[in-house]
Amino acid sequence: MQRLSPGEFKTLISKERKSHFITPFALVYKTFCDLGYDQKNSDYFLNNPSEYIIAMRKNCWKEFEPFEKEFTTRMLSYLIDEERIKDMSPYDAIRDFTMEYPTHIYDLALSNTQSRRSRAGKEFESILELLMMGAGIPVDVQGAIGKSFFQKNQIGKLVDLVMPGVVQYTSNKRNTMLISAKTTLRERWQEVPEEVNRTGIREMYLATLDDSFSEETINILYEANVVVVTTIENKNFKYKNNNRVLTFEDMLQSAMELSRKWNNVSYTDSEKEEIQRSILKQIEKYSDFPYVVNYYRNRLSALFD
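Numbering (UniProt numbering), first residue to last: 1 to 305.
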């Protein structure tokens with residue numbers, strides 16, 4: 001067997017990872033349907049967003065974990081030289097393997113960690129996206145429309161969701177909601193107020209599952225017109241007396257109130273065309289996911305009623 005160099009193994013990890021794992025959105029969508037959320041009405045999502053988010057996060061991890069174990073086993077098996085170890089005891093074979101491939105093992109573990117972090121963020125965005133859809137709240141998604149379209153309309157790259165949409169944001173910022181999703185804040189929270197100042201965004205909701213951000217961080221974000229949003233459990237346990245921290249329940253009620261303000265708005269022909277293009281692009285992006293397609297088709301029908 002030809003020995004793989006660390007560089008060759010890294011390349012193989014990257015190649016195999018792309019083909020082995022389903023996309024974060026596909027995993028979230030599968031979990032969403034497996035848990036029966038596709039059968040829930042809008043009242044459930046409006047009244048129980050924290051419960052939904054916690055359950056989805058937990059079950060997405062349960063769904064993902066076997067994929068990662070299988071992937072790790074498969075990647076390590078590429079390094080096994082059966083001829084070399086055939087006369088060794090199990091102990092000696094394991095010892096020889098770890099001494100022979102410490103860099104390879106480290107690189108695989110590091111790749112798994114980095115992939116987990118990246119996927120966790122994308123999964124959280126997708127969980128919020130399906131939450132808004134379930135609640136019947138119109139929303140445009142950067143992941144479906146593209147960063148360039150968001151940035152062209154002076155919406156920063158850190159914004160993941162726009163309610164009710166990008167076109168509405170450009171015509172009346174006051175009655176729209178911008179949401180940025182971050183599972184944890186760490187030091188990256190500083191990017192958010194910088195983005196708000198740079199783009200002239202009026203206000204941004206920062207949705208997070210983090211429960212370790214300080215009062216100082218909350219105040220800095222608040223002064224920059226960034227509203228921290230977390231689960232009702234985090235709020236009650238860590239920030240009960242801080243009115244500058246909202247719950248997902250609060251955010252959805254605000255989103256619903258804002259969305260109603262667009263019910264009787266008369267759009268220009270060019271605005272309608274832009275909204276239609278945006279919706280059709282998202283239908284194309286999610287063509288394999290019936291629940292999502294149905295949501296966007298309903299939005300399209302409402303546009304021309």
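For each residue, glycine too, the CB sits at the ideal point set by N, CA and C.
Checklist entry - What residue does the alpha helix (DSSP H) around residue 309 start on, and which one ends it? => result The shown model of the chain, from 1 to 305, leaves out residue 309, and the question about it has no answer.
Checklist entry - Do residue 225 and residue 196 have their C-beta atoms within less than 8 Å of each other? => result With a cutoff of 8 Å on beta-carbon distance, residue 225 and residue 196 are scored as near each other.
Next on the checklist: Just to confirm the assignment: which complete alpha helix (DSSP H) runs, minimum length 4, are found wholly within the stretch 156-201?
Outcome noted: 166-171, 191-199
Next on the checklist: Which residue wins for smallest C-alpha separation from residue 79, given the options 267, 231, 89, 103?
Outcome noted: 103
Checklist entry - For residue 380, which residues from the same chain have a beta carbon less than 8 Å from its beta carbon, with the 5 sequence-adjacent residues on both sides left out? => result There is simply no residue 380 to check, as the chain begins at 1 and stops at 305 in what is shown.
Next on the checklist: Please state whether the Cβ-Cβ distance between residue 29 and residue 289 is less than 8 Å.
Outcome noted: yes
Next on the checklist: Would you call the stretch 212-223 in contact with the stretch 125-133, where contact means no fewer than 3 C-beta pairs closer than 8 Å?
Outcome noted: no
Next on the checklist: Taking a contact to mean a Cβ-Cβ separation below 8 Å, would you say residue 229 touches residue 205 in this structure?
Outcome noted: Taking 8 Å as the cut-off, the Cβ atoms of residue 229 and residue 205 count as close.
Checklist entry - Which value, in whole angstroms, describes the spacing of the CA atoms of residue 41 and residue 134? => result Residue 41 and residue 134: Cα-Cα distance of roughly 7 Å.
Next on the checklist: Assuming contact is defined by CB atoms lying nearer than 8 Å, are residue 208 and residue 185 in contact in what I supplied?
Outcome noted: yes
Checklist entry - From this set, 173, 64, 179, 17, which residue's C-alpha is nearest residue 142's C-alpha? => result 179
Checklist entry - Terminal residues of the continuous alpha helix (DSSP H) containing residue 110? => result 102-134
Next on the checklist: Taking the straight line between their C-alpha atoms, what separation do you get for residue 210 and residue 59?
Outcome noted: 18 Å
Checklist entry - Excluding sequence positions up to five away, which residues of its chain have a Cβ less than 7 Å from the Cβ of residue 31? => result 56, 59, 60, 63
Item to check | Continuous beta strand (DSSP E) stretch holding residue 206: start and end | outcome: 204-208
Checklist entry - For residue 2, is the classification buried or exposed, using 16 other Cβ atoms within 10 angstroms of its Cβ as the cut-off for buried? => result By the neighbour-count rule (16 or more Cβ atoms within 10 Å), residue 2 is not buried but exposed.
Next on the checklist: Just list the residues that DSSP pairs residue 269 with in beta bridges.
Outcome noted: Partner(s): none; residue 269 has no beta bridge.
Item to check | Through-space distance from residue 13 to residue 254, alpha-carbon basis | outcome: 44 Å
Checklist entry - To which residues of the same chain is residue 10 closer than 7 Å at the C-beta, ignoring the five residues directly before and after it? => result 107
Item to check | Proximity to residue 4 [Cα-Cα], best of 75, 182, 20, 52 | outcome: 75
Checklist entry - For residue 239, which of 252, 192, 66, 217 has the nearest alpha-carbon? => result 217
Checklist entry - Tell me which same chain residues have a C-beta within less than 6 Å of the C-beta of residue 123, skipping the five on either side of it? => result 24, 28, 60
Checklist entry - Which runs of the alpha helix (DSSP H) spanning at least 4 residues fall entirely within the stretch 31-92, listed in chain order? => result Listed in chain order, the alpha helix (DSSP H) elements of length 4 or more contained wholly in the stretch 31-92 are 42-47, 49-77, 82-85.
Checklist entry - What did DSSP end up calling residue 23 once you bin it into helix, strand or coil? => result coil
Item to check | First through last residue of the beta strand (DSSP E) which encompasses residue 308 | outcome: Since the first residue of the chain shown is 1 and the last is 305, residue 308 is not available in this structure.
Next on the checklist: If you reduce the DSSP assignment to three classes, tell me which class residue 217 lands in.
Outcome noted: helix
Item to check | Where residue 139 sits in the DSSP three-state scheme | outcome: Residue 139: coil per DSSP, three-state reduction.
Item to check | Start and end residues, alpha helix (DSSP H) containing residue 238 | outcome: 232-238
Item to check | residue 282 and residue 296 closer than 8 Å at C-beta | outcome: Contact: yes.
Item to check | Integer-rounded CB distance, given that residue 131 should sit under 8 Å from residue 52 | outcome: 6 Å
Checklist entry - In or out: residue 176 buried (at least 16 other Cβ within 10 Å) or exposed? => result buried
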